[in-house]
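The block underneath contains the structure these notes are about, expressed in structure tokens.
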Amino acid sequence: MEIVVGLLMRLIELYSWALIIYILMSWFPNARETSIGRFLARICEPYLEPFRKIVPPLGMIDISPLVAFLVLNLATRGLSQLAIWVI
């Protein structure tokens, strides 16, 4: 069980980095049109889309990724608590 929780936590960490890179790519013109940008869009947009429906943008600033990171952080904390509880 400890190995599964560790693997899930590692996957969440990697996904968080993918989200960070994807969000930073929005600051550079045409970066999301590259092959890496399209790949990151395929894996990040399905996760970000529900948050964009719930959290309205503040003018031109989209704060839904912050909420998405908060949810990932809570998932990581929940997994670590589960690992402690199981052991």
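Our numbering puts the first residue of the sequence shown at 44, with every later residue one more than the last. Virtual Cβ for every residue (Gly too), placed ideally from N, Cα, C.
Check, Outcome
"Nearest candidate by alpha-carbon position, reference SER59, set ILE46, ALA126, PHE112", "PHE112"
"Option in CYS87, TRP70, ASN116 with minimal Cα separation from MET103", "TRP70"
"Own chain partners of ILE106 with C-beta closer than 8 Å, once the 5 adjacent residues on each side are dropped", "VAL98, PRO100"
"Between the CA atoms of MET68 and ALA74 - distance to the nearest angstrom", "6 Å"
"Secondary structure of ILE63, DSSP reduced to three states", "helix"
"ILE104 (DSSP reduced to helix, strand or coil)", "strand"
"From ALA61, LYS96, VAL129, LEU57, residue whose alpha carbon lies closest to that of ALA84", "ALA61"
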